[in-house]
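Residue numbers (this note's numbering): 89 to 466. Notes to accompany the following structure.
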């Protein structure tokens with residue numbers, strides 16, 4: 089069996105209404121979709137979130153840089169194909185959008201492998217179809233939703249009605265005092281057994297500034313405490329993250345934009361994160377995600393993957409050290425990738441958990457009309 093065709097599509101999906109986090113405004117999301125087909129007709133699907141722009145560039149990178157390494161190759165030789173693709177990126181960047189494009193190809197290869205064997209990807213990787221804990225992610229800044237504290241409490245109450253006990257909200261987009269009020273309101277809305285995580289989105293410039301903000305949030309949370317605080321600093325500031333880890337009581341999480349095992353090795357060796365958050369659509373695909381997750385186990389650091397629950401539920405099911413997966417309520421229109429999927433293949437939640445689909449591969453199918461609607465054309 090050989091790979092006969094690889095192609096990429098770029099799409100740009102609007103967010104229902106512009107939404108702010110600490111460091112940027114979301115009005116749309118660009119994705120790259122990758123298809124890998126073999127001579128027996130089996131087709132694998134991969135994808136990656138690129139950003140608020142850049143989808144067309146990612147698709148072009150797949151076509152120009154990566155496709156020549158794949159055509160005619162054995163689709164099951166995934167680790168070797170990863171190395172070949174990575175070698176092709178050495179002069180073109182090795183990180184950033186290039187690795188996101190590579191990630192989408194690698195994911196497509198794994199989807200193909202599981203489909204050909206007629207098993208879910210999570211089962212192929214050694215897991216089972218057991219439920220995986222999930223938390224409700226949200227708490228963005230939307231001025232039209234009313235006073236900040238009231239809005240975040242209302243959202244958490246809504247998430248609880250959907251069965252979620254654990255939640256995450258944004259911080260860093262307001263003065264610390266105002267964000268602390270949002271934290272207090274969120275904690276009050278949690279219920280008796282819920283946990284609250286905070287996502288800074290790299291809002292703070294120094295370890296001192298981040299630590300001071302986190303202590304204020306810890307005080308606002310009171311005896312309930314916080315589950316974790318995410319990405320307080322720039323991802324490049326590994327030393328700063330390590331200092332924050334040492335200076336606050338709450339667990340520090342990071343890793344959603346880190347790429348390759350080598351960047352995660354530095355985080356782990358320097359104790360710069362209590363929780364790592366690898367994203368298979370960012371760091372190098374399923375192949376590299378599994379390497380990072382196993383490395384984290386060696387350091388006794390739990391894994392909480394970022395984004396794409398419909399992908400990460402499979403990986404989480406195969407890794408005992410996986411803490412939880414991130415889940416977005418569709419009506420919030422933040423995880424708008426689901427608009428590209430057939431409704432009957434979208435991941436659903438029950439009682440704060442998600443379950444590996446029973447369909448082969450990733451278990452998702454594209455809605456071709458939606459893909460055409462949001463396609464980026466020259």
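We put the CB at the ideal spot given by N, CA and C, even for glycine.
Beta-carbon separation of residue i and residue j under 8 Å?
i           : j           : result
residue 403 : residue 361 : no
residue 109 : residue 162 : no
residue 302 : residue 275 : no
residue 155 : residue 99  : no
residue 270 : residue 240 : yes
residue 319 : residue 354 : no
residue 225 : residue 414 : yes
residue 421 : residue 103 : yes
residue 254 : residue 412 : yes
residue 164 : residue 136 : no
residue 463 : residue 175 : no
residue 417 : residue 250 : yes
residue 258 : residue 289 : yes
residue 458 : residue 428 : yes
residue 347 : residue 370 : yes
residue 328 : residue 294 : yes
residue 352 : residue 380 : yes
residue 194 : residue 375 : yes
residue 177 : residue 127 : no
residue 448 : residue 203 : yes
residue 101 : residue 112 : no
Which residue comes first and which comes last in the beta strand (DSSP E) that contains residue i?
i           : result
residue 431 : Here residue 431 belongs to no beta strand (DSSP E), and DSSP marks it neither H nor E.
residue 100 : 91-108
residue 119 : 113-126
residue 442 : 441-443
residue 472 : Nothing about residue 472 can be read from this structure; the chain reaches only from 89 to 466.
When the Cα atoms are used, what is the spatial distance from residue i to residue j?
i           : j           : result
residue 173 : residue 434 : 30 Å
residue 149 : residue 141 : 14 Å
residue 395 : residue 198 : 18 Å
residue 196 : residue 264 : 42 Å
residue 167 : residue 321 : 32 Å
residue 160 : residue 372 : 22 Å
residue 330 : residue 358 : 7 Å
residue 392 : residue 410 : 6 Å
residue 124 : residue 107 : 34 Å
residue 121 : residue 268 : 39 Å
residue 216 : residue 300 : 42 Å
residue 119 : residue 242 : 30 Å
residue 296 : residue 185 : 31 Å
residue 366 : residue 232 : 32 Å
residue 453 : residue 311 : 45 Å
residue 283 : residue 314 : 7 Å
residue 105 : residue 432 : 25 Å
residue 227 : residue 377 : 27 Å
residue 286 : residue 277 : 15 Å
residue 115 : residue 235 : 21 Å
residue 181 : residue 158 : 19 Å
residue 342 : residue 450 : 25 Å
residue 356 : residue 461 : 42 Å
residue 324 : residue 400 : 24 Å
residue 298 : residue 389 : 22 Å
residue 213 : residue 205 : 12 Å
residue 326 : residue 229 : 27 Å
Quick one: give me the first and last residue of the alpha helix (DSSP H) that residue i is part of.
i           : result
residue 339 : Residue 339 -> not in any alpha helix (DSSP H); beta strand (DSSP E) instead, spanning 339-342.
residue 355 : 348-357
residue 365 : Run containing residue 365: none; DSSP gives neither H nor E here.
residue 249 : 236-249
residue 174 : 166-176
residue 478 : Residue 478 lies beyond the residue range present for the chain, which begins at 89 and ends at 466; the question has no answer from this structure.
residue 403 : 397-405
residue 150 : Note, residue 150: premise wrong, no alpha helix (DSSP H); not H, not E.
residue 311 : Careful: residue 311 lies outside any alpha helix (DSSP H) and carries neither H nor E.
residue 375 : 373-386
residue 329 : 326-335
residue 269 : 264-277
residue 458 : 456-462
What residues are listed by DSSP as bridge partners for residue i?
i           : result
residue 414 : 223
residue 318 : 287 and 341
residue 449 : 208
residue 437 : 442
residue 193 : Residue 193 is not bridged to any residue.
residue 186 : In the DSSP output, where bridge partners are listed per residue, residue 186 has none listed.
message = Using a Cβ distance threshold of 8 Å, determine whether the stretch 216-227 contacts the stretch 436-446, with at least three qualifying pairs required.
response = Result yes; three or more Cβ-Cβ pairs closer than 8 Å.
message = Across the stretch 126-146 and the stretch 165-180, are there enough close Cβ pairs to call them in contact, namely three or more that are closer than 8 Å?
response = The stretch 126-146 makes no contact with the stretch 165-180: fewer than 3 CB pairs, one atom from each, lie closer than 8 Å.
query = Taking three-plus beta-carbon pairs below 8 Å as touching, is the stretch 200-218 in contact with the stretch 406-414?
reply = A contact exists between the stretch 200-218 and the stretch 406-414.
ask   = Is it a yes or a no for the stretch 291-309 touching the stretch 242-252, going by three-plus beta-carbon pairs under 8 Å?
value = At 8 Å Cβ cutoff, the stretches do not touch.
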